[in-house]
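Chemist: Pasting a structure here, questions to come.
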Amino acid sequence: MKFTVAIDGPAAAGKGTISKAVAAHFGFAHLDTGLLYRAVGAKVLAGGDPVAVAQALDPRDLQGDRLRTPAVAQAASEVAVIEGVRAALVDFQRKFAARDGGAVLDGRDIGTVICPDAEVKLFVTASAECRAERRYQELREKGMDVTQDGVLADVKERDTRDSTRAAAPLKPAADAVLIDTSGMTIEAAVARAVAVVEGVKAR
Numbered sequence: 002m003k004f005t006v007a008i009d010g011p012a013a014a015g016k017g018t019i020s021k022a023v024a025a026h027f028g029f030a031h032l033d034t035g036l037l038y039r040a041v042g043a044k045v046l047a048g049g050d051p052v053a054v055a056q057a058l059d060p061r062d063l064q065g066d067r068l069r070t071p072a073v074a075q076a077a078s079e080v081a082v083i084e085g086v087r088a089a090l091v092d093f094q095r096k097f098a099a100r101d102g103g104a105v106l107d108g109r110d111i112g113t114v115i116c117p118d119a120e121v122k123l124f125v126t127a128s129a130e131c132r133a134e135r136r137y138q139e140l141r142e143k144g145m146d147v148t149q150d151g152v153l154a155d156v157k158e159r160d161t162r163d164s165t166r167a168a169a170p171l172k173p174a175a176d177a178v179l180i181d182t183s184g185m186t187i188e189a190a191v192a193r194a195v196a197v198v199e200g201v202k203a204r
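Residues in the sequence shown are numbered from 2 upward in steps of one, following the working numbering.
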């Protein structure tokens, strides 16, 4: 059985947490597509050519805390605007989405570009200030030396880059269900997402 859930949204909106919870609830496979771009970004920071790195990416490259640093996040956003990088990673994502047993993919362009025919499309968002506070707390817990103002500036810069890039800009699919997590608990946001998927599966 093929059943694809596409979850898009900006950084730190909660889409990763929601995606993992939805995948676990329904027994679907999960792919954080942002890790693909982070893995490419990390290798580019180490001196690699963006397109060559993307074409040779291995699933083992998606592991490790090194992909969660602010520097890698910025590099990921920068390589994501490169047409050749995106083309190299599209096939990887579509093959994952087509697997039997169901799949949840989260990223920036899943519902609009990667899986436009997904059975369920969600767009998870929150205010820039709310997302920056979440990311700030997350990075501080990891012992990173960051400021709230700096994290907010990074979030806004990344939002602008992601939403204005020529290739697959970040935007909700026309038929996506919007979930704004600004004033929601994670439990409420997950429950909302699960309810949307259950509603479609019941048809």
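For glycine and all other residues, C-beta sits at the position ideal for the given N, C-alpha and C.
Please read these numbers as outputs of a predicted model, since none were measured by experiment.
1) Rounded to a whole number of angstroms, what is the C-alpha to C-alpha distance between Leu106 and His31?
2) What does DSSP give as the partner residue(s) for Val178 in the beta ladder?
3) Report yes if the C-beta distance between Gly108 and Gly35 is below 7 Å; otherwise report no.
4) Ala104 by DSSP, collapsed to three states: which one?
5) Using CA atoms only, rank isn't needed, just tell me which of Arg61, Ala55, Arg67 is closest to Met145.
6) Would you check if the segment 123–131 and the segment 169–182 touch, i.e. whether three or more CB-CB distances between them fall below 8 Å?
7) Per DSSP, what kind of secondary structure is Phe18 in: helix, strand or coil?
8) Consult DSSP for Leu58 and reduce its assignment to one of helix, strand or coil.
9) Could you say which of Gly48, Thr182, Arg100 lies nearest to Ser128 if we only look at CA atoms?
10) Could you name the residues of the same chain whose beta carbon sits closer than 8 Å to that of Arg159, not counting the 5 residues immediately before and after it, in chain order?
11) Looking at Thr186 and Ala98, is the spacing between their C-beta atoms short of 7 Å?
Modeler: In short:
1) Numbered from 1 along the sequence shown, position 105 holds the residue referred to as residue 106. Numbered from 1 along the sequence shown, position 30 holds the residue referred to as residue 31. Answer to the nearest angstrom: the Cα atoms are 6 Å apart.
2) The residue you call residue 178 lines up with position 177 of the sequence shown. DSSP lists Leu123 as partners of Val178.
3) Mapped onto the sequence shown, residue 108 falls at position 107. Mapped onto the sequence shown, residue 35 falls at position 34. Against a cut-off of 7 Å, the Cβ pair of Gly35 and Gly108 comes out as a contact.
4) Here residue 104 corresponds to residue number 103 of the sequence shown, with the count starting at 1. Ala104: strand per DSSP, three-state reduction.
5) Mapped onto the sequence shown, residue 145 falls at position 144. Checked all of Arg61, Ala55, Arg67; the closest Cα to Met145 is Arg67.
6) yes
7) Here the question's residue 18 lines up with position 17 in the sequence shown. The sequence given here has Thr at residue 18, not Phe. Thr18 falls in the helix class under three-state DSSP.
8) Reading the sequence shown from its first residue, position 57 is the one you call residue 58. Leu58: coil per DSSP, three-state reduction.
9) What you label residue 128 is simply residue 127 of the sequence shown in a count that begins at 1. Among Gly48, Thr182, Arg100, the Cα nearest to that of Ser128 belongs to Thr182.
10) In the sequence shown, the residue the question calls residue 159 occupies position 158. Same-chain partners within the cutoff: Pro11, Ala12, Ala74, Gln75, Ser78.
11) As a first step, residue 98 is located in the sequence shown; it is residue number 97 there, counting from the start. As a first step, residue 186 is located in the sequence shown; it is residue number 185 there, counting from the start. No, Cβ-Cβ distance for Ala98 and Thr186 is not below 7 Å.
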